[in-house]
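Numbering (the working numbering), first residue to last: 55 to 890.
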């Protein structure tokens with residue numbers, strides 16, 4: 055292969071133009087017709103010159119064509135050249151295009167469009183020896199790396215590019231191709247998605263010693279590897295190119311982008327280093343903007359979150375002119391748990407620039423994500439006057455109100471959206487949610503089905519802090535709605551669809567449950583099973599309610615888990631191989647430190663370590679714990695899913711320690727654990743939470759002592775408990791309620807009752823067998839599905855998950871009514887327990 059320069063130099067373009075004029079074009083000049091010349095109109099405008107060529111014949115046509123190429127304007131060249139080429143082609147006088155070319159300023163002669171027309175003139179003259187190499191060269195953009203859209207459009211309309219590509223591939227396979235031909239083949243195969251040809255090109259070029267030192271070939275090979283899904287290989291190739299040309303902006307931009315996309319952590323630090331250097335050295339603002347967007351996303355994957363936040367803040371101050379860059383920076387700040395900082399980044403941009411609607415929407419979203427719903431709505435209404443209120447702005451307001459539990463405020467906004475835009479999928483999805491609160495599950499399912507069909511036409515907008523229902527999430531919700539209305543067949547079909555749409559992907563082939571293996575039976579009997587945990591710690595504990603079924607049937611069970619659960623699970627399920635994996639979730643407190651190289655995509659990297667992937671190679675079946683749990687729950691033949699005995703076994707030494715302390719401090723009173731909210735407070739989580747002061751009626755019982763199980767306790771909440779309860783408040787200040795799950799499990803097992811909302815505290819207390827009361831403040835279908843059977847006199851239902859849990863939902867009542875029912879339930883419960 056002949057190694058050539060990376061791009062087209064000015065000198066080379068000049069030689070190319072001279073060659074066109076001196077050889078190919080002049081050889082093609084037609085003989086002037088010998089008929090008597092006629093007087094032509096004295097026209098100089100392009101439309102008139104074109105019309106004259108089209109309207110005349112014989113000598114007149116030739117003379118008109120000469121006038122056209124001689125007098126046609128050399129401004130607005132690209133539009134003019136297209137029309138001139140087309141009319142000359144139509145009249146078989148393309149050789150005259152050389153005269154027009156010779157009149158053009160040099161900057162136009164070097165343009166991709168004019169070079170493409172010149173190559174076509176040679177092609178139509180039958181001079182393939184000149185034309186084909188010219189086509190090969192011209193298809194490469196003047197940036198020296200990517201395809202020229204203008205040239206591609208011209209060639210696609212005038213020649214058989216597939217045939218020229220096929221010829222180029224034959225030359226490459228026969229080792230006769232030069233650099234222009236190889237690059238042309240890469241460009242066409244990438245653009246047309248000829249994946250089999252890309253594989254051939256990759257194999258041939260990477261096996262050639264010259265390619266390892268040619269940055270252009272390495273660049274094209276990296277793009278090909280990325281298109282083929284081989285991101286690790288793509289990273290190796292593009293960073294090799296960067297080592298050769300470290301100051302090249304195009305190479306740096308691609309290296310940063312591939313480093314960001316690569317599932318392996320191996321390339322994060324190198325990509326950050328390249329990006330930081332490139333954004334300061336590159337002069338092209340478009341490339342800089344792309345680099346900054348990728349850099350902001352890379353910082354999220356950094357193993358030093360505090361440094362990442364500091365660098366993002368610095369980036370925000372220096373790159374405050376392009377909305378895409380600012381949005382990417384704000385998104386990364388939010389993912390690192392600094393939502394308030396993300397809002398300030400967006401606000402600074404809005405104050406110093408003319409903010410786009412997207413920036414304003416993001417500002418509203420970041421306020422909502424901080425549970426500042428009134429401020430978010432006020433900002434939206436202030437930004438868009440009533441007459442200028444967009445459909446999307448109205449939809450955002452309706453969505454925030456709906457998910458904040460303000461159904462009466464949400465409905466007018468959602469209805470106004472659907473009047474203006476009858477196929478607005480997100481508005482229908484949010485309207486479906488609103489009907490859930492009235493237990494109109496059949497109507498909710500109908501509205502959700504309608505929204506789902508509209509999502510095929512247009513997905514939800516991407517707005518920071520706003521968790522719009524998307525297709526996958528909506529259809530999973532429809533599974534629960536179908537179960538609630540008794541449509542078991544549809545519920546199971548939706549679950550199978552959910553599994554198929556988001557399969558477990560590994561660097562080796564696997565069977566994923568429920569799969570048809572041998573006999574077609576999806577059961578786990580006699581199999582080696584890998585159970586994958588992929589949700590939060592509360593969900594993970596909940597799924598242990600059905601783990602005994604897997605352990606009973608499988609020959610061997612391996613379970614991934616949050617590291618905080620490792621010892622507790624190992625003690626509770628000694629026959630299970632437990633593998634701790636720290637998962638990547640937005641705002642997670644404990645950042646994982648292990649470098650992951652084996653995951654094949656980003657979603658898998660977030661939930662799998664290399665150890666887990668290596669150990670899973672021998673498994674017969676992989677199963678997501680979430681999917682198995684949901685499949686068991688879509689079965690109303692059982693009142694609850696868990697065994698009647700405790701599932702998790704606390705550390706006996708820790709349990710005895712807490713029992714001794716409680717006995718010494720309670721003066722014979724019963725002890726109740728409390729958890730009234732979660733750790734993350736956003737507009738769509740807050741409807742499930744209470745303010746501690748609302749629970750005052752529950753605390754007003756002199757026969758009870760109380761223990762705080764609420765992690766992330768605020769100073770004012772602690773002071774409230776101390777002031778209200780006095781000696782009846784039992785504190786364990788040395789216990790880390792977030793990280794020390796063993797301690798929390800042992801303490802919960804010592805309590806007489808736990809009152810909680812749906813958090814990890816609830817699931818943990820239930821799992822160790824402690825009687826638990828779940829006050830369900832927001833009975834959305836994803837929570838209401840846990841209601842089993844009929845309520846008792848206090849409005850309490852049996853939990854469909856845990857044997858030891860009872861649930862009081864807030865249907866058609868105020869918070870105070872729900873809390874009053876909870877107080878009555880607690881009183882009645884202890885009266886029953888204390889009966890002799």
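Backbone N, C-alpha and C define an ideal beta-carbon position, used for all residues, glycine too.
Contact check between the segment 323 to 341 and the segment 218 to 237: fewer than three CB pairs, one atom from each, fall below 8 Å, which does not count as touching. In this structure, DSSP gives residue 724 an extended state, which the three-state scheme calls strand. Of the residues assessed, residue 750 falls on the exposed side of the cut-off, its CB having fewer than 16 other CB atoms within 10 angstroms. By the Cβ criterion, the segment 721 to 737 is in contact with the segment 425 to 439, since at least three pairs of Cβ atoms, one from each stretch, lie closer than 8 Å. Between the alpha carbons of residue 540 and residue 612 lies a gap of roughly 34 Å.
Beta-bridge annotation (DSSP): residue 761 is paired with 727 and 784. Bridge pairing for residue 852: 842 and 860 [DSSP]. For residue 538 and residue 504, the gap between their C-alpha atoms comes out near 18 Å. Note on the segment 151 to 218: whole alpha helix (DSSP H) runs with a minimum of 4 residues are 151 to 157, 160 to 163, 166 to 178, 182 to 192 and 203 to 212, in chain order. As computed with DSSP, residue 807 is found in a beta bridge with 726. Residue 654: not part of any beta strand (DSSP E); DSSP gives it neither H nor E.
Following the DSSP letters along the chain, one finds residue 610 inside the beta strand (DSSP E) bounded by residues 610 to 615. Taking C-alpha positions only, residue 604 is separated from residue 578 by approximately 7 Å. Beyond the five residues adjoining it in sequence on each side, residue 329 comes within less than 7 Å, by CB distance, of 310, 345, 348, 349 and 352 in the same chain, given in chain order. Here the C-alpha atom of residue 401 lies approximately 7 Å from the C-alpha atom of residue 417. Secondary structure of residue 467 (DSSP, three-state): helix. Bridge pairing for residue 634: 615 [DSSP]. Taking 7 Å as the cut-off, the Cβ atoms of residue 653 and residue 317 count as close. Under the criterion of beta carbons closer than 8 Å, residue 189 and residue 245 do not qualify as touching, at roughly 14 Å. For the alpha helix (DSSP H) assignment, the uninterrupted runs of no fewer than 4 residues enclosed by the segment 292 to 348 are, from N- to C-terminal side, 303 to 315 and 322 to 335. Sequence-distant partners of residue 526 (beyond 5 residues in either direction) whose C-beta falls short of 8 Å from its own C-beta, in its chain, are 552, 555 and 556.
Checking the DSSP bridge columns, you'll see residue 828 partnered with 810 and 861.
For residue 678, the enclosing beta strand (DSSP E) starts and ends at 675 to 678.
A direct Cα-Cα distance of roughly 32 Å separates residue 771 from residue 367. Taking a contact as a CB-CB distance under 8 Å, the pair residue 535 and residue 342 does not count as one, their CB atoms being some 48 Å apart. The C-alpha of residue 208 is placed about 8 Å away from the C-alpha of residue 171. With a cutoff of 7 Å on beta-carbon distance, residue 869 and residue 748 are scored as near each other. Cα atoms of residue 769 and residue 729: separation of roughly 15 Å, rounded to the nearest angstrom. Residue 726 is a Cβ neighbour of residue 758, given a cutoff of 7 Å.
Linking residue 476 to residue 871 through their CA atoms gives a straight-line distance of about 38 Å.
Inter-residue distance for residue 766 and residue 793 is about 11 Å (C-alpha atoms, whole angstroms). Residue 256 carries a helical assignment under DSSP once its states are collapsed to helix, strand and coil. Taking all protein chains shown into account, residue 339 has fewer than 16 neighbouring C-beta atoms within 10 Å of its C-beta and is therefore exposed. Within the model, the alpha-carbon separation for residue 658 versus residue 286 is close to 15 Å. Residue environment: residue 466 is assigned as exposed (fewer than 16 neighbouring CB atoms within 10 Å of its CB, all protein chains considered). Ranking 623, 175 and 614 by CA distance to the CA of residue 635 puts 614 first.
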